[in-house]
Structure formats: C-alpha cells, structure tokens
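One structure is given here, and the rest of the page talks about it.
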Amino acid sequence: MGANSRACGPARARAATRPGTPSTSDRAVRVTLAMRAIIHVDMDAFYASVEQRDNPSLKGKPLIVGGHAQRGVVVAASYEVRPFGVRSAMPMSRAMKAAPHAIVVKPRFPAYAEASEQVFAIFERYTPLIEPLSLDEAFLDVTASVGLFGAPADIARRIRKDIADELKLPCSAGIATVKFVAKIASDLAKPNGQREVRAEETVAFLAGLPVSRLWGVGPKTEEVLQRSGLKTIGDVSTKDVEWLEARLGTSGRHLWELAQGIDAREVVPDRAAKSVGAEDTFEEDLTGVEVLKPHIHAQALRVARRLRRAGVKGRVVQLKLKLADFTLLTRRTTLREVTDDGQALYRAALELLERAHEGKPIRLTGVSVQLDEAPPQLGLFPAASPRTAKLNAALDRIADRFGSKAITTADIAGSDAPSDDGHRSERPVDKRRDGR
Numbered sequence: 082m083g084a085n086s087r088a089c090g091p092a093r094a095r096a097a098t099r100p101g102t103p104s105t106s107d108r109a110v111r112v113t114l115a116m117r118a119i120i121h122v123d124m125d126a127f128y129a130s131v132e133q134r135d136n137p138s139l140k141g142k143p144l145i146v147g148g149h150a151q152r153g154v155v156v157a158a159s160y161e162v163r164p165f166g167v168r169s170a171m172p173m174s175r176a177m178k179a180a181p182h183a184i185v186v187k188p189r190f191p192a193y194a195e196a197s198e199q200v201f202a203i204f205e206r207y208t209p210l211i212e213p214l215s216l217d218e219a220f221l222d223v224t225a226s227v228g229l230f231g232a233p234a235d236i237a238r239r240i241r242k243d244i245a246d247e248l249k250l251p252c253s254a255g256i257a258t259v260k261f262v263a264k265i266a267s268d269l270a271k272p273n274g275q276r277e278v279r280a281e282e283t284v285a286f287l288a289g290l291p292v293s294r295l296w297g298v299g300p301k302t303e304e305v306l307q308r309s310g311l312k313t314i315g316d317v318s319t320k321d322v323e324w325l326e327a328r329l330g331t332s333g334r335h336l337w338e339l340a341q342g343i344d345a346r347e348v349v350p351d352r353a354a355k356s357v358g359a360e361d362t363f364e365e366d367l368t369g370v371e372v373l374k375p376h377i378h379a380q381a382l383r384v385a386r387r388l389r390r391a392g393v394k395g396r397v398v399q400l401k402l403k404l405a406d407f408t409l410l411t412r413r414t415t416l417r418e419v420t421d422d423g424q425a426l427y428r429a430a431l432e433l434l435e436r437a438h439e440g441k442p443i444r445l446t447g448v449s450v451q452l453d454e455a456p457p458q459l460g461l462f463p464a465a466s467p468r469t470a471k472l473n474a475a476l477d478r479i480a481d482r483f484g485s486k487a488i489t490t491a492d493i494a495g496s497d498a499p500s501d502d503g504h505r506s507e508r509p510v511d512k513r514r515d516g517r
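Using the working numbering, the first residue of the sequence shown is number 82, and each one after it goes up by one.
Laid out in structure tokens, this is it:
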C-alpha cells in the first residue's frame, strides 16, 4: 500500500509567525495528508435498525432497544423516537417518561454481532485497512483502492449500496483526507447519507462548527475556550499556537492542528481478538448456585460455539459476576488442554462459581475464554475425544440450519437463559428455523 501515509509522523512544527498561519512544516504535512482517502462508515441506529429489519412490523415505529424498565438503559433508539428526546445510554425510566408510547424490545447482541460481521465483510471487498471503532462503525483507508474502484466518494456509495442491498440496513459515510474530518462528515450526513470534504475545503468546513466538535474538548476545556472567546473551530484555527499552549498546555497545539485539518493518525487495522466471551444482565437479581447454573451453562455453550466458528481454542476460562451493588468479581482457571468444547468450559466455570458465590444477589454473569496463542503441545491423551468433536460438529450443523434453539440441554430449556441467537429458551423447545 505505497500510497498510504505510514511514513508521516505527528506534526510538530514551530508556531506560525502570524496567528493561525501554518508554518512551512505544517504545510508540508498537510500536502502529504491531502494524498490520503479515508472513509468513516457509521451504521444508522444499528441495533434498532437490525430489529426493524428482522421484524417488519417495527418499521417506522418509535423503537427503543433496552433493558429493564426501572434500572436498565437505552441501548439504541430508532430515529422515529429521537424527536421525543430519547437517546442511547439514557436510563430506561427516563426514556419511557419521554416516550411512553414507544415500543421496547430487549437487545439481541448475538444478532447484532452477526450483522456486524457481515458489514465488515463488505468493507474488506474494498480495502484491508479497516480500523473498527465498535460493532457499527469503522475507518477505512481507501487511498490505494481508488485505482480499482474509483474516486473515494464512489467507493463510499458502493459500500453503502452493498450494505443496503444485501443486509437491508442503512448507514452513513464521511469522506475526507483525515480521520477527524471524516468522522464529523459522517455525523453530519446522518441518517442514510454521505458527505465528502475535499482537502482544499477542510478548513472552511470546520470553521463554523462549535469547539465541542474538536476531539479532546470536554466540558472543562470547552468552558476555558468559551471564556477566551473561542466558540467555533474557526476561532481556534486563527489563534496563535503559543497563545493556545499558554492556556491549555500541550493540548493547545493539538487543538490548533485539528482546527487546521491536520490529523496525521493512520487507519490502524484491528488486532486479533484475545478472548471470546458471553454475558447476560438479568432483569431481576438471582441468588443461589442452582438458579445460576443454567445461565452459566448457556453462556459456556455460546462461547464454545463461537470458538468453533472461528476455528480457535483456549485454556484459560474466566467467570465474571456482578453483584446487585455493582461489585464486580472475576475468577479464572487454566485447563490442562486447550478446548472448544462447551461442556468442558461449563464444568470449569461451574467450579469457579461454586468457589466464588457467597449467596449474594447477582445481576450479571459472564463466561469468557482467553485464546491460546502458543503452538499446541502434544500430550499423552487427546484434549477431546473424537466422539466429542463429532458431536459438537453435528450440533453446530443443526444450529446453523434450524437455529440454536433447535436442540439444547434440559436445564437450559427449562430456564430463561438466552441461546446463542439472543433469544431466551422456551418450553417446549422450538424446533422451527430461527426467523432472523
């Protein structure tokens, strides 16, 4: 990827001789950055959009994806409910007061993770330089892709069309030469739009935006800037760097560079995952090992299936418990052999639970496995019998074809523990194909 700006280090030029005038070094950095093409893609109301896609009766309705009405928080809010003041991370109790007519659905995180994997697979058609920020947004460096797929804005349109046509989900995109500007552009393009900011337009584009849009400006810094008469990014860009550093310290130059559209950070592809886990927050606190067992069992099976999907194994098993008072407990154990077998993970997690549980109410449990990076060592006995491996493969095939609720253990079928598709188990077990 020779066109990528890997050789470009952070801009650290001397202050300009005139306030707000880039120095020779700053101008050189800007010229180098202008050669880049960066796209920020952000899915629109991602979790809510997945729910509306999977359940067409929810389309166009004010929808809240959230937890318990009294102590949960809003995980996602559809655009139809946002005019009422509902936003993600808002307490559910407050959201329901603001929009009592809203439809509330419980989150299905495995479904969102699956949709996210499909979105990122589309990204990979256009560039290997993908930096995920979360399940639903990422930076893409397409500098070296324009020869194959056309101008950066055309690539963004193709990506958005692929996602809309194949996944039936909306997204927005920002196109710029630097990450900071691409992110703002995608925010301003929402919902379901895109905006390009060319290199020569960058300073003018930023000038009228409030200083709160600058990365690193929180409430305290914003107050300092406002007191100094700096209300817009344009106000910051016209100030002398030394003047800003005298009031803000080293962050003064950082903010001035951003205001000038100078952001030398590269798109850094995601590193390999270090662990695989599953956890659930209960609507009501649970007490007692016997009550918690089905949830731990279901989580262990979910983790094992994800391990097998990814073709990886692990030996360090961790149990996570969050008490009713939000105290967090973690316990871990190391298995003798690497594994991707759910029953082996369950036995290890159950042993940890029996040692850690003190009879206090529990609001969350989680099971995770640290992936084994060392090359496997030959042992006297196989980590899992051929029969176990064949059984797991058969269970995976059944789950892939009929849904993860098609076959399960008796303890999970008799509980409300979520299955791997995010739905809670029902009795009798539903053997129809999962309707996602």
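Just so it is clear, CB atoms sit at the ideal spot from N, CA and C, and this is done for glycine as well.
Endpoints, alpha helix (DSSP H) assigned at residue i
i: A196; result: F190 to F204
i: H335; result: S332 to A340
i: A232; result: No alpha helix (DSSP H) contains A232, which DSSP labels as neither H nor E.
i: L434; result: G423 to A437
i: G315; result: I314 to S318
i: L325; result: V322 to L329
i: K374; result: V370 to A391
Alpha-carbon to alpha-carbon, residue j and residue i
i: T258; j: R279; result: 7 Å
i: K142; j: E432; result: 46 Å
i: L416; j: E371; result: 24 Å
i: D246; j: M116; result: 31 Å
i: R389; j: R308; result: 57 Å
i: A254; j: A176; result: 28 Å
i: Q341; j: E365; result: 51 Å
i: D321; j: V262; result: 22 Å
i: N273; j: K242; result: 10 Å
i: P213; j: D351; result: 6 Å
i: A157; j: E323; result: 42 Å
i: P172; j: G147; result: 9 Å
i: E507; j: F230; result: The predicted position of E507 is uncertain, since its pLDDT is 31 and thus under 50; a value taken from the coordinates is nonetheless stated next. In a straight line, the C-alpha of E507 is about 48 Å away from that of F230.
i: L139; j: L248; result: 17 Å
i: F407; j: L367; result: 13 Å
i: T362; j: V122; result: 30 Å
i: D135; j: E281; result: 42 Å
i: K355; j: V186; result: 31 Å
i: P191; j: K260; result: 29 Å
i: I378; j: R413; result: Before going on, a small fix: residue 378 reads as His here, not Ile. Going from the Cα of H378 to the Cα of R413 covers about 16 Å.
i: F421; j: F286; result: It is Asp, not Phe, that sits at residue 421 in the sequence shown. Between D421 and F286, the C-alpha separation is close to 51 Å.
i: L250; j: E205; result: 17 Å
Endpoints, the beta strand (DSSP E) within which residue i is located
i: F363; result: S356 to L367
i: T415; result: L409 to T420
Pick from the options that is closest to residue i, judged by C-alpha positions
i: V357; options: R383, G342, K374 and F204; result: R383
i: G333; options: V305, L410 and P442; result: V305
i: K403; options: H438, G299 and A379; result: H438
i: L339; options: L329, L295 and A381; result: L295
i: G315; options: P172, V146, A118 and T283; result: T283
i: R436; options: Q424, H182, K401 and F407; result: K401
i: G228; options: F190, A266 and Y207; result: Y207
i: T446; options: G392, A381 and F204; result: A381
i: A170; options: E161, V155, V162 and A179; result: V155
i: G440; options: A425, E418, A405 and T411; result: A405
i: H182; options: I145, Q199, H149 and A129; result: I145
Residue i - partner residues in DSSP beta bridges
i: I343; result: Looking at the DSSP assignment, I343 forms no beta bridge with any residue, so it has no partner.
i: M124; result: C252
i: V223; result: V223 is not bridged to any residue.
i: E212; result: F220
i: R308; result: BP columns for R308 are empty, so no partner.
i: T446; result: D361 and L402
i: G395; result: T420 and L452
i: A257; result: I119
Sequence ranges, beta strand (DSSP E) only - wholly within the stretch 261-291, length at least 3: 275-277
Ranges of the beta strand (DSSP E) found wholly within the stretch 112-186, counting only runs of at least 3: 119-124, 144-147, 155-158 and 184-186
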